[in-house]
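Report on one structure; see the data block that follows.
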Amino acid sequence: MIRYAIQRFLGAIPTLLILIALAFIMIRVAPGGPFDAEKQLLPEIEANLRAAYHLDEPLVQQFGRYLYALIQGDFGPSFQYRDHTVTELIMDGFPVSLRLGGLAMLLALIVGVSLGTLAAFRQNTPTDYTVMGVAMTGISIPNFVMAPLMILLFAVYLKWLPAGGLGDGGIANLVLPVIALALPQIAYVARLTRGSMIEVLRSNFIRTASAQGLPMRTVIVQHALKPALLPVISYIGPATAAIITGSVVIEQIFGVPGLGRYFVQGALNRDYTLVMGVVVFYGVLIISFNFLVDLLYGWLDPRVKY
Amino acid sequence: MNILVKNMVVLTAALLIGSCSGPDSGSEPNSSNPAARVGGQSGNELAERQVFRKGNGAEPQTLDPHRAEGVPSSNIQRDLFEGLTSEAPNGKIIPGAAERWDISDDLRVYTFYLRPDARWSNGDPVTAHDFEYSLKRSVDPATLSRYSAILYPIENAEAVANGKKSPQALGVTALDDLTLEIRLNAPTPYFLGLLTHSTTLPVHQASVEKYGSKFSRAGNLVNNGAYTLDAWVVQSHIKLVRNPMYWDNARTTVEEVYYYAIENQDAELKRYRADELDFTYELPYKQLTWVRNNLAGELVIAPYLGSYFYGFNVTRPPFRDNRNLRLALSMAVDRDIITGKVTGAGEIPAYGWIPAVTGYRQQKPEWADWTQQQRNAEAKRLYREAGYSDEKPLEVEILYNTHQNHKRIAVAIASMWKQSLGVKVSLVNQEWKVFLETRKAKQTTKIYRAGWIGDYNDPNSFAELRLSYNKQNDTGYGNPEYDALLEQAAQEGNLKKRAELIEAAERILIDDAVSIPIYFYVTKRLVKPWVRGFEPNILDHHYTKDIQILKH
């Protein structure tokens with residue numbers, strides 16, 4: 001187990017390096033630069049700016065400089081937001097994204113697992129069809145359609161909830177974005193749970209448990225749920241990635257100042273350091289999450305051996 | 307992502323348009339009285355909580371006035387910093403930190419007398435030394451200002467910005483604590499207006515030296531305007547509160563101002579309709595009809611100092627040395643259809659290059675008074691003369707940056723050219739930064755879309771763009787006669803003669819058909835009926851200290 005963990009950890013380092021190198025090159029290959037604007041800069045002013053951000057150096061030297069700073073935890077200054085460093089911006093934006101994404105994930109798991117279990121027990125009944133029908137719709141309707149619809153209904157017409165922004169940081173502002181972000185995940189989790197629950201319910205050990213006269217509740221909670229959740233657990237890794245990419249869109253629509261919004265604005269502004277910072281940060285996050293899920297899997301399923 | 311955003315916008319728009327027919331179309335109950343907003347009606351009761359919430363476009367890059375660029379940051383800086391001069395709600399130049407000034411007979415030396423009661427937000431007096439320090443910092447290349455070129459009228463500014471002279475050489479001297487002398491290279495009639503530009507605003511030396519590039523963050527910022535910085539949540543909002551040290555604080559009403567960073571115009575409109583904003587930054591074109599039907603009383607449309615045009619790349623065929631062809635294409639564009647049917651916000655059809663600025667007679671070609679039929683006939687003649695015909699049509703590309711409005715205009719113009727001349731047009735759209743690079747390179751570009759917003763209320767802000775040596779001149783146009791007229795105008799002290807010289811220069815530009823002027827901009831936004839003291843002006847500069855919030 002420990003050997004496996006170390007192996008996986010060492011394997012993550014080259015993955016991360018390749019990610020950094022690719023992002024570094026791609027953002028620079030994109031036409032247009034951070035200093036292009038409708039009103040062009042005078043050449044001497046642009047040269048001065050390029051020198052100040054070391055953009056006049058050879059690419060390899062720039063990359064070396066970036067890596068060296070990165071090892072020390074320094075993402076560099078933002079090209080666009082000149083009063084802030086990228087580290088500060090990430091530290092500002094990440095808690096917001098984490099709250100949004102974490103709540104969405106929690107909601108997706110709780111609601112998804114409950115609905116999936118319910119559907120599994122009522123297999124091939126109207127309840128099952130309704131739950132799965134709604135889940136299918138949830139998967140099919142992209143969040144950039146769902147979100148504006150929800151704003152229109154709940155904020156503009158009914159005026160129950162704010163249309164956007166974070167307000168004073170209250171929960172009211174988070175309700176709509178969290179639900180919009182969680183909906184497709186709820187649907188996935190519900191389908192996954194249903195499928196694996198049905199399979200588990202048909203297996204021998206459950207039949208044995210029922211035959212021994214255990215109450216249904218005990219059978220589900222103590223015996224069926226844990227094995228049925230395995231596929232859901234392994235889905236947490238990809239779900240994290242999906243919620244992160246989903247939040248890029250959701251944060252933009254709701255005007256939530258999270259990392260996703262920085263990423264979009266950073267890319268449009270050719271804010272090299274900001275885009276790099278978010279990519280590296282999320283890269284580390286997703287790699288660690290997949291790593292944790294793998295370890296968790298071994299703990300949950302005694303059959304998995306490393 | 308691009309497609310995503312586009313779809314998003316389209317869908318949102320469809321939803322909003324679709325919603326017009328519903329029983330509750332979101333119109334405000336008290337949306338009737340536009341006069342309350344622009345006129346400053348008396349007798350209306352003020353709201354208990356004086357909070358003003360504005361949509362402000364993109365997140366400002368910085369609040370450091372010398373390193374900032376773009377409209378969103380300067381909007382906030384106008385509330386935070388007070389320059390030597392300031393502006394009245396209608397845009398007229400009024401005294402700011404300087405209570406009066408003298409101008410020398412040769413119009414090259416300005417002496418400003420500062421208010422003795424002006425204070426920084428920490429209580430320090432605002433002195434002439436502060437302005438001397440600030441202007442020198444603004445042109446100092448070490449500051450990394452992107453806009454220092456705007457200060458080039460000041461003696462030695464260009465040499466300082468290029469690193470050829472030390473900032474100390476700049477023609478700005480504090481004669482004593484309250485007297486500031488600024489020496490100019492040439493008579494610059496728009497200089498007082500220039501002094502409201504953010505590059506000329508004062509910063510507090512001690513805190514700049516203490517905090518470095520973080521001096522403009524909440525908690526650090528010391529400023530001299532009517533408001534101070536209370537909170538800055540990047541990508542969300544900036545909150546300002548009253549500055550009790552401001553010399554005119556007694557006449558300020560609004561207690562708190564929020565500037566929300568919302569790039570997406572549809573999202574902004576929704577937040578306005580949800581009563582989360584009092585004042586929008588923009589308005590999506592597609593919603594204009596809906597807004598006119600439902601929120602007409604809150605819609606404010608006013609002329610804006612900007613020119614929307616198509617430029618020709620005159621460094622390459624087919625437009626190089628081909629005035630007839632350029633002119634033919636320009637004449638065949640029916641501006642009335644563009645502004646009436648395509649944009650429809652009340653933009654002003656443009657035939658010349660310079661919009662309506664104070665003290666300047668707008669120029670236009672003779673054919674501006676013809677009917678479109680006459681223009682098309684003449685265009686056809688010129689087109690033939692240039693060597694094109696139905697058998698051998700011109701094939702050309704229009705380059706524009708990806709945006710719904712630009713696309714609609716390009717499609718309309720392409721079909722006008724096809725119908726009247728038989729030109730085969732292909733439309734090429736590129737993402738903003740890519741577009742800027744392509745346009746600048748002048749390689750593949752043939753016709754490009756552009757917009758130019760004046761920095762100050764003077765024809766020079768537009769005229770200088772077409773100087774042969776101006777880097778911004780993406781057409782590649784150069785005419786020694788034009789350059790000479792503008793250089794002569796720059797040295798001319800007599801305002802009337804100066805205007806005549808620029809007018810003559812613009813006539814050359816029109817005659818050479820360097821670009822296709824399409825329309826002059828308008829600002830279009832929604833303002834809640836309870837906002838009093840707001841007046842539209844040509845530069846779209848507004849100060850919260852002039853605003854009051856009525857009971858609602």
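Heads up: the protein sequence lines correspond to chains R and W, in order.
Mapped onto the numbering used here, the consecutive letters of the first sequence carry residue numbers 1 to 306.
Mapped onto the numbering used here, the consecutive letters of the second sequence carry residue numbers 307 to 858.
No residue lacks a Cβ here, since even glycine has one placed at the ideal position from N, Cα and C.
Treat the numbers as computed from the prediction; the structure is a model and nothing was measured.
- When C-alpha distances from residue 14(R) are compared across 226(R), 280(R), 302(R), the shortest belongs to 280(R).
- Using a CB distance cut-off of 8 angstroms, residue 270(R) counts as an interface residue toward chain W.
- DSSP places residue 830(W) within a strand segment (E or B) once states are collapsed to three.
- The Cβ of residue 822(W) sits no closer than 8 angstroms to any Cβ of chain R.
- Among the residues of chain W, those whose CB is under 7 angstroms from the CB of residue 156(R) are 332, 576, 579, 580, following chain order.
- For the alpha helix (DSSP H) assignment, the uninterrupted runs of no fewer than 4 residues enclosed by the segment 191 to 254 of chain R are, from N- to C-terminal side, 204 to 211, 225 to 254.
- Rounded to the nearest whole angstrom, the CA to CA distance from residue 160(R) to residue 806(W) is 60 angstroms.
- Taking a contact to require three or more Cβ pairs closer than 8 angstroms, the segment 777 to 793 of chain W and the segment 647 to 658 of chain W do not qualify as touching.
- Residues of the segment 75 to 90 of chain R with a Cβ closer than 7 angstroms to any Cβ of chain W, in chain order: 80, 81, 82, 83, 84, 89.
- About 44 angstroms separates the beta carbon of residue 149(R) from that of residue 450(W), a gap too long to meet the 8 angstroms contact definition.
- Per DSSP, residue 739(W) lies in no beta strand (DSSP E) segment; the continuous alpha helix (DSSP H) that holds it begins and ends at 738 to 747.
- With its beta carbon at least 8 angstroms from every one in chain W, residue 246(R) lies outside the interface.
- Taking 8 angstroms as the threshold, the shortest C-beta distance from residue 173(R) to chain W does not fall below it.
- For residue 4(R), the uninterrupted alpha helix (DSSP H) run begins and ends at 2 to 29, by DSSP.
- In the structure shown, the three-state DSSP call for residue 447(W) is helix.
- In this structure, the straight-line span from the alpha carbon of residue 36(R) to that of residue 494(W) is close to 29 angstroms.
- Near chain R, meaning a CB-to-CB distance below 9 angstroms, the residues of the segment 434 to 452 of chain W are 447, 448, 450, 451, 452.
- Counting C-beta pairs closer than 8 angstroms gives three or more between the segment 242 to 251 of chain R and the segment 101 to 108 of chain R, which meets the contact rule.
- Take the alpha-carbon of residue 732(W) and the one of residue 592(W): they are about 24 angstroms apart.
- The three-state secondary structure of residue 656(W), taken from DSSP, is coil.
- With respect to the 8 angstroms criterion, residue 498(W) and residue 459(W) are not classified as neighbours on the basis of their beta carbons.
- For residue 537(W), the uninterrupted beta strand (DSSP E) run begins and ends at 533 to 539, by DSSP.
- Assignment of residue 683(W) by DSSP, reduced to helix, strand and coil, places it in the helix class.
- Rounded to whole angstroms, the Cβ separation of residue 688(W) and residue 630(W) is 4 angstroms, and the two are in contact under 8 angstroms.
- Counting along the chain, the unbroken alpha helix (DSSP H) around residue 717(W) starts and ends at 710 to 727.
- Look at residue 566(W): its C-beta is under 8 angstroms from a C-beta on chain R.
- If you look at residue 606(W), you'll find it in the beta strand (DSSP E) that goes 605 to 618.
- In the DSSP assignment, residue 44(R) falls outside any beta strand (DSSP E) and within the unbroken alpha helix (DSSP H) covering 43 to 52.
- Contact annotation for residue 468(W) against chain R: 44 [CB-CB distance below 8 angstroms, chain order].
- In this structure, residue 113(R) keeps its C-beta atom at 8 angstroms or more from the C-beta atom of residue 219(R).
- As the crow flies, the alpha-carbon of residue 26(R) is around 24 angstroms from that of residue 748(W).
- Annotated three-state conformation of residue 804(W) is helix, per DSSP.
- Against chain W, a Cβ distance below 8 angstroms from residue 36(R) picks out 739, 742, 743, 746.
- By a beta-carbon distance limit of 8 angstroms, residue 399(W) does not contact residue 618(W). Their separation comes to about 36 angstroms.
- Using a Cβ-Cβ distance cut-off of 8 angstroms, the segment 174 to 187 of chain R and the segment 598 to 617 of chain W are not in contact, since fewer than three pairs of beta carbons, one from each stretch, lie closer than that value.
- For residue 704(W), the enclosing beta strand (DSSP E) starts and ends at 701 to 707.
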